[in-house]
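Trainee:
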Amino acid sequence: MKDIRLVAPDTYWIGASDRRLAKFENLFPIPRGVSYNAYVILDEKTVLLDTVDQAVSRTFFDKLEACLAGRGLDYVVINHMEPDHCAALQDLVHRWPQVTLVCNSKTLQMIKQFFTFELEGRTQLIGEGDTLCTGKHTLHFAMAPMVHWPEAMVSYDSLTKVLFSADAFGTFGALNGNLFADEMDFPRDWLDDARRYYANIVGKYGPQVQALLKKAAALDIQVICPLHGPIWRENIGWFIQKYDLWSRYEPEDQGVVIIYGSMYGDTQEAAGILAGMLAEGNVKNIAMYDVSVTDVSYLISEIFRCSHLVLASPTYNMGLYPRMENLLSDMKALAVQNRTVALMENGTWAPMAAKHMRTALDTMKNITILEPSVTIKSALKDEQEPELQAMADAIISSLN
Ligand code: FEO
């Protein structure tokens, strides 16, 4: 008996979750695990859409064999060649040597780079707008370059109106039995991880995501089957709208996230006092993080969510506190833009952090820096209350 699930007529989910992996891409903490989704269409021909990560390949092959129930495998469509989806490809070809690999030319080059198996007579190259008829079903292919690698593409079944969306519309988080987003409290339990996945994995490629959304808008999509996380069959527009905001670098919330670095607690104290002033000024849902103890992927996600950002940093070796420097470097790499930022610096003999943060922010698009920044020399003094209050007032008035 296998956990194989019908997601649309003739269309089955045969994915699996990994709850042991500590870090996705050996980089992003995933305390809730991650799922690797793969799908099968049983038509006159049999079609597999993507494989899985090596970690769950045994479960995947057991499910694939059970799903095929003795039939051969005619096609594997490779929507994305990153190893979290294609690691099982070589083993797949050994088990079903007659299978035809359906992929684009960039994918083919990557297959040659990753694997050693013979490709001659085994591939069907497709491009934008090409189709694959398998009997009743016809798959239509659309390229989705840089969502999230250059070869990425999506497949649309015009019979069932299912979009196999590759990494797009995916999320961190293992599946807990429920497979469909409408079976979960997605905004409460999944949205933060979906945003963190988006911002850190494809955040840099907003224009390319916008291009994919334009292609998707021309289709009648009833179901979205991503390669990670829940499947969407209800309220699809709600999630597409999140993708639209994120890929235009527009905030979801008019709100403030305060991110501070603090070596001995003094910058933290000042950040806390500012947060209290904001609350007194009726700012709701203030978020606050210590840059030293929060993985940068969570900070990036919060920056994608919030309209306003407070960065507070000690000066370190005449430069920036290293964890704050790393955050700014990640913000730049992920093309963060359209945000309002207030700056606070600390330094015992030569405060320089605000200058360095300003220089880093100047390299990003459409960042408004609220003036003036606040300088602390070692510890905040009572006489600086008006400065801090002025910063809180500037944030509050720009929120309204
Ligand atoms: Fe889920 Fe870009 O791989």
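Under my numbering, read the sequence shown as residues 102 to 501, first letter to last.
By construction, the Cβ of each residue, glycine as well, lies at the ideal position given by its N, Cα and C atoms.
Predicted, not measured: the structure shown is a model, and the values here were computed from it.
#1: The beta strand (DSSP E) that contains S408, what's its start and end?
#2: Pull up the DSSP beta-bridge partners for R106, would you.
#3: Please indicate yes or no: does the CB of D185 lie closer than 7 Å to some heavy atom of the ligand FEO?
#4: Nearest by alpha-carbon distance to N336: which of D283, Y350, I212 and V475 is it?
#5: Quick check: the stretch 418-428 against the stretch 358-367, are at least 3 beta-carbon pairs closer than 8 Å?
#6: Between the stretch 374-381 and the stretch 479-491, can you find at least three pairs of beta-carbon atoms closer than 8 Å?
#7: What separation, rounded to the nearest whole angstrom, lies between the Cα atoms of A451 and T416?
#8: Can you give me the Cβ contacts of T441 inside the same chain, cut-off strictly under 6 Å, excluding the 5 residues immediately before and after it?
#9: Which of the three DSSP states, helix, strand or coil, is assigned to S498?
#10: Is any heavy atom in the ligand FEO found nearer than 7 Å to the beta carbon of D268?
#11: Using a Cβ-based criterion (distance less than 7 Å to any ligand heavy atom), does L328 qualify as near the ligand FEO?
#12: Indicate, with yes or no, if the ligand FEO has a heavy atom lying under 7 Å from the CB of W339.
#13: How is the beta strand (DSSP E) around N447 delimited, first residue to last?
#14: What residues in its chain sit with their C-beta under 7 Å from that of E351, if we drop five residues either side in the sequence?
#15: Straight-line CA distance for L209 to I142?
#16: Residues in its own chain within less than 8 Å of H181 by CB, not counting five upstream and five downstream?
#17: Does at least one heavy atom of the ligand FEO sit under 7 Å from the Cβ of H249?
#18: Using the C-alpha atoms, what's the distance from T232 back to L320?
#19: Go ahead and label P308 buried or exposed: buried means 16 or more other beta carbons lie within 10 angstroms of its beta carbon, across all protein chains shown.
#20: Counting only the same chain and skipping the five closest in sequence on each side, list residues whose C-beta sits under 7 Å from that of Q191.
#21: Just to confirm, are V263 and V324 a CB contact at a threshold of 8 Å?
#22: In chain order, which continuous runs of the beta strand (DSSP E) of length 3 or greater are located wholly inside the stretch 227-252?
#23: Please give me, in chain order, every unbroken run of the alpha helix (DSSP H) with length at least 4 that falls completely inside the stretch 146-199.
#24: Counting Cβ pairs closer than 8 Å, one from the stretch 224-244 and one from the stretch 153-163, do we hit at least three?
#25: Would you list the one or two residues that DSSP bridges to W450?
#26: According to DSSP, simplified to helix, strand and coil, what is M285?
#27: Could you tell me how far apart the beta carbons of R289 and R406 are, in whole angstroms, since I believe they sit closer than 8 Å?
#28: Taking the continuous alpha helix (DSSP H) assigned at T368, which residues delimit it?
#29: Beta carbon of V148, beta carbon of A189: below 8 Å?
#30: Using the three-state DSSP reduction, which class does T395 fall into: helix, strand or coil?
#31: Closest to Q225 by CA distance: which of A245, F270 and D175 is it?
#32: Within 10 angstroms of the Cβ of S414, are there 16 or more other Cβ atoms? Answer buried if so, exposed if not.
#33: So V310 is in the alpha helix (DSSP H); what residue range does that whole segment cover?
#34: What is the rounded straight-line gap between the Cα of I322 and the Cα of I332?
#35: Rounded to whole angstroms, how far is the Cβ of I115 from the Cβ of L165, which I believe are closer than 8 Å?
#36: Classify Y140 as helix, strand or coil using the three-state DSSP reduction.
Mentor: So, from the listed chains and residues:
#1: Unbroken beta strand (DSSP E) run through S408: C407 to Y417.
#2: The partner list for R106 (beta bridge, DSSP) reads W114.
#3: At least one heavy atom of the ligand FEO falls within 7 Å of the beta-carbon of D185.
#4: Comparing Cα positions, the closest option is D283.
#5: With the cut-off at 8 Å, the stretch 358-367 and the stretch 418-428 touch.
#6: Short answer: they touch.
#7: Rounded to the nearest angstrom, the two C-alpha atoms are 8 Å apart.
#8: Within the same chain, and ignoring the five residues on either side of T441 in sequence, the residues whose Cβ sits closer than 6 Å to its Cβ are H409, T469 and S499.
#9: S498: helix per DSSP, three-state reduction.
#10: Shortest gap from the CB of D268 to any heavy atom of the ligand FEO: under 7 Å.
#11: Yes; taking the cut-off as 7 Å, the Cβ of L328 has a heavy atom of the ligand FEO nearer than that.
#12: No, since every heavy atom of the ligand FEO falls outside the 7 Å radius drawn around the Cβ of W339.
#13: Its beta strand (DSSP E) spans residues R440 to N447.
#14: When the five nearest sequence neighbours on each side are left out, the beta carbons in the same chain lying within less than 7 Å of the beta carbon of E351 are those of N439, in order along the chain.
#15: Going from the Cα of L209 to the Cα of I142 covers about 22 Å.
#16: Excluding residues up to 5 positions away in sequence, D151, C187, H249, W250, E252, A253, M254, A267, D268 and L328 lie with their Cβ nearer than 8 Å to the Cβ of H181 in the same chain.
#17: Under cutoff, so the answer is yes.
#18: For the pair L320 and T232, the Cα-to-Cα distance works out to about 15 Å.
#19: The residue is exposed, with fewer than 16 neighbouring Cβ atoms inside 10 Å.
#20: Counting only Cβ-Cβ distances below 7 Å, and skipping sequence neighbours, we find F216 and F218.
#21: Note that the C-beta distance between V263 and V324 is below 8 Å.
#22: Runs found: 232-234 and 239-244.
#23: Listed in chain order, the alpha helix (DSSP H) elements of length 4 or more contained wholly in the stretch 146-199 are 158-169, 184-187 and 190-196.
#24: No, because fewer than three Cβ pairs between the stretch 224-244 and the stretch 153-163 fall closer than 8 Å, the two stretches do not touch.
#25: None; W450 has no bridge partner.
#26: Of the three classes helix, strand and coil, the one that applies to M285 here is coil, per DSSP.
#27: Under the criterion of beta carbons closer than 8 Å, R289 and R406 do not qualify as touching, at roughly 15 Å.
#28: For T368, the enclosing alpha helix (DSSP H) starts and ends at D367 to E381.
#29: Note that the C-beta distance between V148 and A189 is not below 8 Å.
#30: If DSSP states are grouped into helix, strand and coil, T395 belongs with coil.
#31: Among A245, F270 and D175, the Cα nearest to that of Q225 belongs to D175.
#32: So S414 counts as buried.
#33: Counting along the chain, the alpha helix (DSSP H) containing V310 begins and ends at G307 to A318.
#34: Between the alpha carbons of I322 and I332 lies a distance of about 12 Å.
#35: About 6 Å separates the two Cβ atoms, so the contact holds.
#36: Three-state DSSP puts Y140 in a strand.
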